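Using the numbering used here, the letters of the first sequence correspond one by one to residues 7 to 354.
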Amino acid sequence: MNFTDELVQWYLANKRDLPWRNTTDAYTIWLSEIILQQTRVEQGLPYFNRFVEKYPTVSDFAAAHEDEVLKLWQGLGYYSRGRNMLKTAQLVQQMYNGVFPESYDDLIKLKGIGEYTAAAISSFSSNEARAVVDGNVYRVLARYFGIYEAINSSTGKKTFQSLATNLLNKQNAALHNQAMMEFGAMLCKPKNPGCGICPVNVGCAAFLNNATTALPVKLKTVKVRERFFNYFLVTDGNTVLMNKRGDKDIWANMYDLPMVETPEMLPAHELAKLPEVTAMFGNELNITEDTSVIKHILTHQRLFVRMVKTTNTPLILKENWAFIPVDSLHELALPKVIFILIKNIFNL
DNA sequence: AAGCCGGGGAC
DNA sequence: GTCCCAGGCTT
């Protein structure tokens, strides 16, 4: 048996039972694929189930409001996925009359669908002969064929996509793709791969050369920026002043609190006198509580976040500010760290 | 081509 | 701490 046939045999004997594998409905598969971008199966699974229940068809999804989608997406990260899904659902409703496209060429044009996702949806829904290349496939191919080209260079991407396409079983694209990814996720793992029980170890360049830890090769480490967020809790117990974020920075269109960003974390008494703060509240801030600083890690940023409670109220409400009834707080999509800051105060 | 976009789990 | 996850969009 050749390499890919071995992996298919391994897959049939070892595959997990995952809900999106029991359908060929392009809409349902699309839901799963977007949710699973840069996301582990175990983390995405409960979100998939909630989305399928709330939006059984793409028409149901298209009728949703963005706040509602982001709320359902809360905690999953990379929120542009949720925002793009709504746009795509609305476009499919209008342009395709609610019938989700199945062809790669149609799918690749949609917001939030790139090469990987178009290949995944087209092959899983209609068995179109398109090879998926995700993180798992990069790793499996780099190791088995001993490819030291960086998987995140533009030439490397072409090399791996070309190799994956050549290897594709064009009669059984769906099964082939599932097998490649599941093998990478379950056995040919980033750390401690199961080489001892691997069905293709005798042909694996990395195994034979003791190079599994060196492959795949990936370029550069991301630069991490440090930021200091000072949030203000303005509440009378019945309502709380919330801010809807813009669409440029992190957590686009989600909700947090009024805040100032500082170049470093200041003691409360210095924060209270900051010109930016006194301008906002009319005079020196009266701080009644100050949380300990929470360190919150994102891919490109290390956030240091604190929240101060104040008896002051702002002079004027900025455009994106509103006093929200505490009873309605649970409807707002909150970034993880905001949820942590206020969950105990308002019983969220 | 490089930078940006979350949160969590394994080690 | 570091790495990476069924990646894609913007500049």
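Where a beta carbon is used, it is the ideal one built from N, C-alpha and C, also for glycine. Note that this is a predicted model, so its numbers are computed, not measured.
Check, Outcome
"Of the listed residues MET91, LYS324, ARG56 and PRO52, nearest to HIS71 (C-alpha basis)", "MET91"
"Rounded distance between the beta-carbons of GLY118 and ARG149, thought under 8 Å", "Not confirmed; about 30 Å, so no contact."
"Beta-bridge partners of GLU232, as assigned by DSSP", "ARG308"
"PHE329 - containing beta strand (DSSP E), residue span", "327-331"
"Beta strand (DSSP E) runs wholly inside the stretch 43-70, at least 3 long, in chain order", "none"
"Residues sharing a beta bridge with THR123, DSSP", "Answer is none; THR123 lacks a bridge partner."
"When ASP11, VAL143 and THR94 are compared against GLU188, the one with the closest alpha-carbon", "VAL143"
"Rounded Cβ spacing between LEU338 and LYS77 (contact assumed at less than 8 Å)", "7 Å"
"Top-ranked residue by Cα proximity to LEU340, from PHE310, VAL299 and LYS250", "LYS250"
"C-alpha gap between SER38 and GLY202, whole angstroms", "32 Å"
"Identity of the residue in THR29, ALA32 and TYR85 nearest TYR53 by Cα", "TYR85"
"Selection from HIS302, ASN259, PHE234 and ASN244 that minimises the alpha carbon distance to PRO273", "PHE234"
"Sheet register partners of LYS250 (DSSP bridge)", "TYR261"
"Distance, LEU214 Cα to ARG89 Cα", "45 Å"
"beta-carbon LEU181 near the ligand GTP non-hydrogen atom, thresh 7 Å", "In the structure on display, the ligand GTP does not appear, and there are no ligands present to speak of."
"Proximal residues to PRO269 (C-beta, below 8 Å), its chain only, five neighbours per side dropped", "PHE234"
"Assigned secondary structure, TYR237 (DSSP; H/G/I helix, E/B strand, else coil)", "strand"
"Of the residues THR161, VAL105, SER132 and VAL138, the one placed nearest ALA185, counting alpha carbons only", "VAL138"
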